[in-house]
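Colleague: I have a structure I would like to understand better, so I am pasting it below and will then ask my questions one at a time.
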Amino acid sequence: MLEGDLGEDFTRVGPGFARGIFGNGVGVGLRKEDTALKEKFNAAIQSALDDGTVSELAIEWFGFDSATTD
432 MLEGDLGEDF TRVGPGFARG IFGNGVGVGL RKEDTALKEK FNAAIQSALD DGTVSELAIE
492 WFGFDSATTD
């Protein structure tokens, strides 16, 4: 979808997940000017990584720790 004309104003960032258990991955779309919201998302994700929540949920639901810090 991002490769077509409709995706010309979008940029992919972050680690890429392809196929396997993650399918095509997940994402969130934000307007460039929504910097405060972006900061809130980033802080929440980092907090969940730092306190082990992502690892715990990954082990519970996938059977292995899929958390990445790349």
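So the number in our numbering is just where the residue sits in the sequence shown, counting from 1, plus 431.
Ideal placement from N, C-alpha and C gives every residue a C-beta, glycine not left out.
Go ahead and pull the three-state DSSP assignment for Asp482.
Modeller: Of the three classes helix, strand and coil, the one that applies to Asp482 here is coil, per DSSP.
Colleague: With a threshold of 16 other CB atoms inside 10 Å of the CB of Val485, please say whether the residue is buried or exposed.
Modeller: Buried: at least 16 other Cβ atoms inside 10 Å.
Colleague: How big is the Cα-Cα spacing for Thr417 and Ile476?
Modeller: There is no way to answer for residue 417, as the model of the chain reaches only from 432 to 501.
Colleague: Going by beta carbon distance, what residues of the same chain come within less than 8 angstroms of Arg468, once the five residues before and after it are set aside?
Modeller: Here residue 468 turns out to be Leu, not Arg, going by the sequence shown. The residues are Leu461.
Colleague: Report the three-state DSSP secondary structure of Glu383 (helix, strand or coil).
Modeller: Because the chain is modelled from 432 through 501, residue 383 falls outside the range shown and cannot be assessed.
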